[in-house]
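Peer 1: For reference, each letter of the sequence shown is one residue, going 87 to 379 in the numbering used here.
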Amino acid sequence: MDLSGRVAIVTGAGRGLGFAYASALAAAGAAVVVNDADAAAATGAVAQIAGSGGKAVAEPGAVGPASTADRLVARAVDEFGRLDVLVTNAGVLRDRMVWRMTDDEFDTVLDVHLRGTFTCVREAARHFRAQGEGGRVILAGSPAGQRGNFGQTNYAAAKAGIVGMVRTWALELKRAGITANAVIPVAATAMTATIPAFAPHVEAWQRDGTPLPAWLRAREGFGVPEDAAGLVVFLASAAADGITGQAIGIGGDKLSLWTHPEEATVAYRDGGWRADDIAGIWAPGMAPGMADA
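#1: Residues in its own chain within less than 6 Å of Ile336 by CB, not counting five upstream and five downstream?
#2: By Cβ distance below 6 Å, which residues in the same chain neighbour Glu165 in space, the five residues on each side in sequence not counted?
#3: When you compare each of Ile135, Ala131, Val310 to Ala113 by their alpha carbons, which one comes out closest?
#4: Considering only C-alpha positions, which residue in the set Ala324, Trp255, Ala262, Ala210 is nearest to Val163?
#5: Counting along the chain, where does the alpha helix (DSSP H) carrying Pro229 start and finish?
#6: Find out if the Cβ-Cβ distance for the pair Ala230, Lys245 is shorter than 8 Å.
#7: Am I right that Thr194 and Val178 are in contact with their C-beta atoms under 8 Å? What's the rounded C-beta distance?
#8: Candidates Asp356, Val149, Trp359: which alpha carbon is nearest Thr203's?
#9: Skipping 5 residues on each side, what residues in its chain have a beta carbon closer than 6 Å to that of Ile95?
#10: For Trp344 and Gln332, I'd like the C-alpha separation in whole angstroms.
#11: Less than 8 Å between the beta carbons of Ala247 and Ala176, yes or no?
#12: In its own chain, which residues sit with a C-beta less than 6 Å from the C-beta of Phe214, not counting the 5 before and 5 after it?
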């Protein structure tokens, strides 16, 4: 994929998946604005990209406030003359069982993931529309947002909301030639290193560079951050023209496409449904092949 001449912003790109995305985009020829709440991490990421022959600048700051989004887009335009791709990867965790989760823990996760995504996409969409050449919006989802996860009320809600926004923005931005897609990655990062089944393998990879076992890469679709970067480069490229509104999984040796929500089965009853009517048909009636009542 040749992304020469294209300009991308990647949030949360100081390390982990975000750094892998920014590095891969730069290696494909794009100029990259590297964002991270940790200024030192953002600067270090830019140094590594530049050391590999890529073109990048750092623009630190926590996402969420509109002012951060404004600065990111302005930096891309001021530094490189345009903007073509936005990758929103910044995120935090505040895991806690629902009966123990505080308001602050809930709000912090939603502020970074949901508001941070919204404000960055809103500003990028404004610029894409004014630029008049389309654009790419690539958002970071998670399996937790697709099917829930123990102890992650806030994170699962935020990631589900991101996929909901992708589907909405795919409709709203299509006329302007702007695509919107979610990447659903599964990779060895600080966020996944504590999963008991994965932890020993992640630790061995981080400490000694030991490759992840084949069963983990294939059956679980669990890889290293670089395994997910190819999907971001693809979605940023001309090869992905027309692909929009999708939630695409990537990890290890596995590539997948998540379905859009749809009705699994439907029943109709003249005059509507009372509670007793629903109880009468729910089991075993609410299953594929159920006949109309």
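Glycine is no exception: its CB is placed at the ideal position from the N, C-alpha and C atoms.
Keep in mind it's a predicted model, so treat the numbers as computed, not measured.
Peer 2: In this structure, then:
#1: Pro271, Ala314, Leu317
#2: Val143
#3: Ile135
#4: Ala210
#5: 229-233
#6: yes
#7: 6 Å
#8: Val149
#9: Val119, Leu158, Ala162, Leu172
#10: 8 Å
#11: Reading off the sequence shown, one finds Gly at residue 247, where the question assumed Ala. No, they are not a contact pair.
#12: Gly221, Ile264
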